[in-house]
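Going letter by letter, the sequence shown gives residues 1 to 204 in our numbering.
Every residue, glycine too, gets a C-beta built ideally from N, C-alpha and C.
As structure tokens, the structure follows; a few thoughts come after it.
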Amino acid sequence: MTSTPTIGVLALQGDFAEHIAMLRELGVATAEIRVPSQLAAIDALIIPGGESTTITRLLDIYELREPIRRLGLDGLPIWGTCAGAIVLAKQATDLDRPNLALMDIDVRRNAFGRQVDSFEEDIAIEGIDGPRFHAVFIRAPGIERAGAAVRVLAALDDGTIVAAQEGRLLATSFHPELTGDSRFHALLVSLAKVYQAERGQTSK
Ligand code: GLN
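Now the structure itself:
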């Protein structure tokens, strides 16, 4: 018996509602995550865009940092968009408290400076078929280093990495939830199905 996977969206701050709306369009179950007990039911987690300093502070206050980190180490698919990518990264510039440090990437917050703090560009994404992805960058981080196990999915013309994958961890500097293009969300759902199947096997 297969049921649809449940995708959790960290709902402490930021644009979690837009992610939930897009996931609903894909027909999967969703869960807003605010307390540790809610993590037990999910097959993947999205950490949305917003303000990474606020999200990391709230992760501590709600005692979510360690439980999420442990699940990530155990294979839970986790996708961070923009501020979420900062929360997921091994190292991030100008963060005043610990993040999840799960993914072997280093990011520079607000990498694109004030003059171009928001821009949009159509980019090719490795592993995502079809037309270029319309990527919306809002005070976005740049990925400055990607470890040996990290697959670069997209980079800008100047070489700045803006999408990457390490196993079941995904990071994007931009905001697919704001564009109506659900191909990245579908990629996470496919990773969630693998995790869900594994969970089913170990609970037998
Ligand atoms: N600039 C924000 C930060 O550093 C990220 C912005 C976003 O998520 N759109 O956390």
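Alpha-carbon to alpha-carbon, residue j and residue i
| i | j | result |
| --- | --- | --- |
| A186 | Q91 | 27 Å |
| I46 | Q201 | 24 Å |
| G113 | S3 | 45 Å |
| L12 | R109 | 20 Å |
| P98 | R34 | 18 Å |
| L102 | L73 | 7 Å |
| F16 | T172 | 15 Å |
| R151 | T81 | 16 Å |
| F119 | G180 | 17 Å |
| Q196 | I128 | 22 Å |
| R69 | L100 | 6 Å |
| V194 | G84 | 22 Å |
| I61 | P176 | 28 Å |
| E126 | D158 | 17 Å |
| E121 | H19 | 20 Å |
| D117 | L88 | 21 Å |
| A149 | A21 | 32 Å |
| E218 | P5 | Given a span of 1 to 204 for the chain in the structure shown, any question on residue 218 remains unanswerable. |
One or two residues paired with residue i in a DSSP bridge
| i | result |
| --- | --- |
| M22 | DSSP, once it has assigned bridges, lists no residue as partnering M22. |
| D106 | Q91 and R145 |
| R151 | Q165 |
| L45 | G8 and I78 |
| H134 | D122 |
| A31 | G8 |
Cut-off 7 Å between Cβ atoms - residues of its own chain near residue i, not counting five sequence neighbours on either side
| i | result |
| --- | --- |
| L23 | I7, T30 and H185 |
| L191 | A44, P77 and R168 |
| T93 | R108 and R109 |
| E25 | S182 |
| A111 | A140, P141, G142 and T160 |
| P131 | none |
| E63 | P36 |
Given residue i as reference, the closest of the options once Cα atoms are compared
| i | options | result |
| --- | --- | --- |
| V107 | T54, A164 and L178 | A164 |
| R145 | I105, V194 and L39 | I105 |
| G50 | A41, W79, P67 and G14 | G14 |
| L178 | F133, I61, A148 and L188 | F133 |
| R199 | A21, I42, V28 and L10 | I42 |
| L39 | L26, L71 and I20 | L71 |
| L188 | P67, E63 and G75 | G75 |
| S182 | G27, L10 and E166 | G27 |
| E67 | A89, P48 and P36 | Checking the sequence shown, residue 67 turns out to be Pro, not Glu. For the residues A89, P48 and P36, the minimum Cα distance to P67 belongs to P36. |
Sequence-distant residues of its chain with Cβ nearer than 8 Å to residue i (five each side left out)
| i | result |
| --- | --- |
| L95 | S52, T53, T56, I86 and R109 |
| V162 | I123, A135, F137, A140, G142, I143, A154, A155, L156, T172, S173 and F174 |
Same chain only: Cβ atoms within 6 Å of residue i, ignoring 5 sequence neighbours per side
| i | result |
| --- | --- |
| M59 | Contrary to the premise, residue 59 reads as Leu rather than Met in this sequence. The residues are R65. |
| G147 | D104 |
| T160 | G142 |
| L170 | W79 |
| L10 | I33 and I47 |
Quiz: which residues have CB nearer than 6 Å to ligand 1 non-hydrogen atoms: G49, G50, E51, S52, C82, A83, I86, R109, N110, I138 and R139
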